[in-house]
Amino acid sequence: MSDKGTSNHSEETDFILVGFRVHPALHILLFLLFLLVYAMILLGNVGMMTIIMTDPRLNTPMYFFLGNLSFIDLFYSSVIAPNAMINFWSESKSISFAGCLIQFFLFAIFMVAEGFLLAAMAYDRFIAICNPLLYSVQMSTRLCIQLVAGSYFCGCISSVLQTSMTFILPFCASRAIDHFFCDIRPLQRISCSDLFIYRMISFSLSSVITLPTIIIIIVSYIYIVSTVLKIHSSEGHKKAFSTCSSHLGVVSVLYGTVFFTYLTPDRFPELSKVTSLCYTLVTPMLNPLIYSLRNKDVKGALKKLLEMKNTIL
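For what it's worth, the numbering used here labels the leading residue of the sequence shown as 4, then goes sequentially.
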């Protein structure tokens, strides 16, 4: 009798991750696609962290931030991808209430932390280009550690608030989340309560968290562009552009897809799933490629590491 009661209670507290509404035969293709992308994420981000940690020439603030960016990309994609791949083979597609909460909590931490880290990287580029003579003084090791620690701290505070607000909502009997991971909008759809006040508070909180990072990035690049325009040599223009283009590419892809997903009307769940793929899997896969292909120091360090490996073998 107690076993039956426990089973019923478990079924009532589990969520169902619906995933992609495609023909079952396509689940194998999706699994292989997710597996390939996740393998590239692991290879690219672990490789980037290894290069940065092993090459003394990359012991600079920019690469310290870049190493942490790879760490964040690796972990928040790992929160999403393995569970999504398991669900492609699972008939029940269930995730426990605790599992859903933990996934939501960790994803929120790393997403917010990445936003603040990108703002810190924009500030670093601003100092490097606009005030190069004082760069080593202003971007001290202590400040870099504080900026990274602050990014994780803001991520934790934001995640605690968002998670507690979301998971105290009453959920309907179906508990079927029309998504491939526990995200805020799909969870709102299955809530049985009036969400007007919740959405206002959530939007205000998101604005307080997001706006400072956007302002820092925009203001930093306004000063950078102003300084670059005063440089007369084409070589100086090229060097400044090379320094900032990778960061701008990462910022554009991440913020573009996040804004499209969360600020557009929630009328097309399938489109929302596709855009979610961009910032959960595609961006973490592309970031190491963007920085390595456009960065001579990283390419040089990678070449040196491969040469050392070949010598040992």
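Positions of the beta carbon are idealized from the N, C-alpha and C atoms, including for glycine.
Original post:
By a C-beta neighbour count over all protein chains shown, 10 Å radius and 16 as the cutoff for buried, is residue 149 buried or exposed?
Top reply: Sixteen is the threshold: since fewer than 16 other Cβ atoms of the shown chains lie within 10 Å of the Cβ of residue 149, the residue is exposed.
**OP:** Take residue 19 and list the residues in its own chain whose beta-carbon comes closer than 7 angstroms to its own, dropping the five residues that flank it on each side.
**Re:** 96, 97, 178, 179 and 180
Subject >> Distance between residue 162 and residue 30 (C-alpha atoms, nearest Å) >> reply: 31 angstroms
Original post:
For residue 98, which of helix, strand or coil comes out of DSSP?
Top reply: strand
Original post:
According to the neighbour-count rule (16 or more other Cβ atoms, all chains shown, within 10 Å of its Cβ), is residue 59 buried or exposed?
Top reply: exposed
Original post:
Just to confirm, are residue 284 and residue 42 a CB contact at a threshold of 8 angstroms?
Top reply: no
Original post:
Going by C-alpha distance, which of 34, 27 and 168 is nearest residue 87?
Top reply: It is 34 whose Cα lies nearest to the Cα of residue 87.
Original post:
Which value, in whole angstroms, describes the spacing of the CA atoms of residue 217 and residue 156?
Top reply: If you take the alpha carbons of residue 217 and residue 156, they lie about 18 angstroms apart.
Original post:
According to DSSP, is residue 279 helix, strand or coil?
Top reply: Residue state for residue 279 is assigned as helix, using DSSP reduced to three classes.
Subject >> Delimiting residues of the alpha helix (DSSP H) encompassing residue 89 >> reply: Start and end: 64-92.
Original post:
Is it a yes or a no for the segment 119-129 touching the segment 249-265, going by three-plus beta-carbon pairs under 8 angstroms?
Top reply: yes
Original post:
Can the beta-carbon of residue 111 be found closer than 8 angstroms to that of residue 166?
Top reply: yes
Original post:
Where residue 56 and residue 270 are concerned, what is the direct C-alpha to C-alpha distance, given to the nearest angstrom?
Top reply: 45 angstroms
**OP:** Can you check DSSP and say which residues form a bridge with residue 180?
**Re:** 20
Original post:
Does the segment 135-151 come within contact of the segment 181-194, defined as at least 3 CB pairs closer than 8 angstroms?
Top reply: no
Subject >> Reduced DSSP secondary structure (H/G/I, E/B, other) of residue 194 >> reply: strand
**OP:** Could you tell me which of 234, 90 and 265 sits nearest to residue 27, measuring between CA atoms?
**Re:** 90
**OP:** Can you tell me which of the three DSSP states residue 174 falls into?
**Re:** strand
Subject >> Counted within 10 angstroms of its Cβ, other Cβ atoms place residue 301 as buried (16 or more) or exposed >> reply: buried
Original post:
Between the C-alpha atoms of residue 276 and residue 265, what's the straight-line distance to the nearest angstrom?
Top reply: Just so you know, the alpha carbons of residue 276 and residue 265 end up roughly 11 angstroms apart.
**OP:** Could you tell me whether the Cβ atoms of residue 175 and residue 193 are closer together than 8 angstroms?
**Re:** Going by C-beta atoms, residue 175 is nearer than 8 angstroms to residue 193.
**OP:** Tell me whether residue 235 is buried or exposed, calling it buried when 16 or more other Cβ atoms sit within 10 Å of its Cβ.
**Re:** Residue 235 counts as exposed, since fewer than 16 other beta carbons sit within 10 angstroms of its beta carbon.
Original post:
Mind checking residue 99: buried by the 16 CB within 10 Å criterion, or exposed?
Top reply: exposed
Original post:
Given a threshold of 16 other Cβ atoms within 10 Å of its Cβ, counted over all protein chains shown, does residue 101 qualify as buried or as exposed?
Top reply: exposed
**OP:** On a CA-only basis, which of 228, 281 and 233 is nearest residue 253? Give me that one, please.
**Re:** 281
Original post:
Comparing alpha-carbon positions, which option in 159, 292 and 208 lies nearest residue 248?
Top reply: 292
**OP:** Assign residue 235 to one of three DSSP states: helix, strand, or coil.
**Re:** If DSSP states are grouped into helix, strand and coil, residue 235 belongs with coil.
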